[in-house]
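>
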Amino acid sequence: ETGVTQSPTHLIKTRGQQVTLRCSSQSGHNTVSWYQQALGQGPQFIFQYYREEENGRGNFPPRFSGLQFPNYSSELNVNALELDDSALYLCASSSSGGRDTQYFGPGTRLTVL
Amino acid sequence: AQSVTQPDIHITVSEGASLELRCNYSYGATPYLFWYVQSPGQGLQLLLKYFSGDTLVQGIKGFEAEFKRSQSSFNLRKPSVHWSDAAEYFCAVGGYNQGGKLIFGQGTELSVKP
């Protein structure tokens, strides 16, 4: 059984650019949640995808968007990058629309210059 | 408002000593409670979880936590700390009707003295 994987591991972008982060869910899971973890902080919920539909959203602007594919992998897209978007982006997979334990991937470290 | 408070930002214990990390939550419904551990630059690993039933839950690596509804607490304990336990520990709360949203505390950094 494979765990949650994320790519890339690290990414450096400049302000105003766009970025796409990817997540492959754990085998048997149909739900992916995305979190942003700023340095020294706990993770903050961005949104969740369940069976290819957005299933909940945190307090993040519309320039944060996502997709979930039929194989339940997911993408997080961020447009018009700002310096404050620099963070560790974590995805977590689960079943039942998140009404179960969430298992986290290793994260993608995004640096915006 | 829903929130999680971890009052201790940083704790240092000696190897072999006991450990208790505090977690208090504010949540309007029946909570699901979790403890995760994070090593530097890594993702989160689940230590243990509480959904319902027995309020004392056992986890991996010898950790346990006790859910106390009257105190809105879910403290993490370990009887004897090992040097490899040094990491950041996060308490989180979620719920059945919350669309999978987990609310995390700010974390407690654990250092272990030899």
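Just so you know, the protein sequences line up as chains V and Y, in that order.
Okay, so the first sequence: first residue is 967 according to our numbering, each after it adds one.
Okay, so the second sequence: first residue is 25 according to our numbering, each after it adds one.
Idealized CB from N, CA, C, for every residue including glycine.
Do the region 1031 to 1049 of chain V and the region 37 to 46 of chain Y meet, that is, are 3 or more Cβ pairs less than 8 Å apart?
No, because fewer than three Cβ pairs between the region 1031 to 1049 of chain V and the region 37 to 46 of chain Y fall closer than 8 Å, the two stretches do not touch.
> Have a look at V:Gly994 and V:Tyr1001 and give me their C-alpha separation to the nearest angstrom.
Going by the C-alpha atoms only, they are around 21 Å apart.
> Would you mind stating whether V:Val998 and V:Gln1014 have Cβ atoms separated by less than 8 Å?
In contact: V:Val998 and V:Gln1014 (Cβ atoms closer than 8 Å).
> Could you tell me whether any Cβ in chain Y is nearer than 8 Å to the Cβ of V:Ser991?
So, not an interface residue.
> For the region 87 to 111 of chain Y, list every residue whose C-beta sits within 9 Å of some C-beta in chain V, in sequence order.
Within the region 87 to 111 of chain Y, no residue has a Cβ that lies closer than 9 Å to any Cβ of chain V.
> I want to verify the contact list: residues of chain V whose CB lies under 9 Å from the CB of Y:Gln26, in sequence order.
None at all; the shortest Cβ gap to chain V is about 11 Å.
> Between the beta-carbon of Y:Ser50 and the beta-carbon of Y:Ala25, is there less than 8 Å?
Yes. Within cutoff.
> Can you check which of these residues, V:Gln1007, V:Gln1010, V:Pro1036, is closest to V:Leu1019 by C-alpha distance?
As written in the sequence, residue 1019 of chain V is Glu, which differs from the Leu given in the question. Looking at the Cα atoms, V:Pro1036 is the closest of the given residues.
> Count the other CB atoms, across all protein chains shown, that sit within 10 Å of the CB of V:Asp1051; report buried if there are 16 or more and exposed otherwise.
Classification of V:Asp1051: buried, given that the 10 Å Cβ count is 16 or more.
> Decide yes or no for the touch test of the region 44 to 60 of chain Y against the region 97 to 109 of chain Y: beta carbon pairs closer than 8 Å, at least 3 of them.
Yes, the region 44 to 60 of chain Y is in contact with the region 97 to 109 of chain Y.
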